[in-house]
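Mapped onto my numbering, the consecutive letters of the sequence shown carry residue numbers 316 to 379.
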Amino acid sequence: MNQLSYKDANGELVTKQQMAECINTGISTVCKIAEEAGAVRRIGRNYRINKKKVLEYIEENYSE
């Protein structure tokens, strides 16, 4: 499969894999947290996550 050259991990909407790498967790955990945070965006068949919303949600709900 060809890797797209314009995928930017620093973008506002990222893939599950990019988000998992960002927060050092597995993809299933990313999906769970993204759903809880209301950060999932479906564009056609693409599943994208609003990176900013997820990071804010983690800070609010998972910090000690």
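Ideal Cβ placement from N, Cα and C applies to all residues, glycine included.
With a minimum length of 4 residues, the unbroken runs of alpha helix (DSSP H) contained wholly in the stretch 322 to 372 fall at 331 to 338 and 342 to 352. Taking 8 Å as the cut-off, the beta carbon of G341 is found closer than this to the beta carbon of A335. In the displayed model, E374 falls within a helix according to three-state DSSP.
Looking at the backbone, the Cα of E350 and that of R360 are separated by about 16 Å.
When the Cα atoms are used, E371 and R357 turn out to be separated by approximately 20 Å.
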